[in-house]
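Here the structure is laid out as structure tokens; the discussion comes afterwards.
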Amino acid sequence: MSILIEESKCTGCGACTQVCPGSLLKLQDAKAKIAKPERCWGCCSCLKECPVQAIALYLGEDMGGRGGRMHVQKEGHLLHWIAALPGGATKIITVDSRDSNKY
Ligand code: SF4
Ligand code: SF4
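Just add 299 to the spot in the sequence shown (first one is 1) and you have the working numbering.
Below, the structure written as structure tokens:
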């Protein structure tokens, strides 16, 4: 599992570098970079922190795979998980962050 950082969207705010549990993300020339993508375990913390949706997760085979990607758009307490699937379809799953750890 790994992520894709779209440099053209990245503003260099550094938010993602603060939350990666593996310290894999660094700023270089004011852009976020992932040092060792093979060590990313897809926790999605960086996706949720990025304010401009510059980070996408490559989806595994079980979730569309083959080039599918997902990013997160925040709207207040809501997190919209937007999956762009191979073939052009889009799936959106909305989660209220206040419900985290509720069950
Ligand atoms: S998905 Fe998680 S492990 Fe991977 S780079 Fe982002 S924060 Fe780090
Ligand atoms: S959180 Fe997003 S905009 Fe900020 S440095 Fe990371 S990728 Fe760039």
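Quick reminder that beta carbons are idealized off the backbone N, C-alpha and C, glycines included.
Check the Cα spacing between residue 354 and each of 374, 338, 375, 330: the tightest is with 330. Residues with their Cβ less than 6 Å from any non-hydrogen atom of ligand 2, running along the chain, are 304, 309, 310, 311, 312, 313, 314, 315, 331, 348, 349, 351, 353, 354.
For residue 391, the closest alpha carbon among the candidates 383, 398, 397 is that of 383. When the beta-carbon positions are compared, residue 309 and residue 323 stay at least 7 Å from each other.
For the options 315, 388, 400, the alpha carbon positioned closest to that of residue 347 is the one of 315. Residues of the same chain with a CB within less than 7 Å of the CB of residue 341, apart from the 5 flanking positions on each side, are 300, 356 in chain order.
Nearest Cα to residue 343 within the set 311, 358, 375: 358. In the structure shown, residue 314 falls within a helical segment according to DSSP collapsed to helix, strand and coil. At a cut-off of 3 residues, the continuous stretches assigned as beta strand (DSSP E) that sit fully inside the segment 329–389 are 330–333, 354–357, 368–374, 377–383. Burial state of residue 394 is exposed, judged by a 10 Å Cβ sphere holding fewer than 16 other Cβ atoms.
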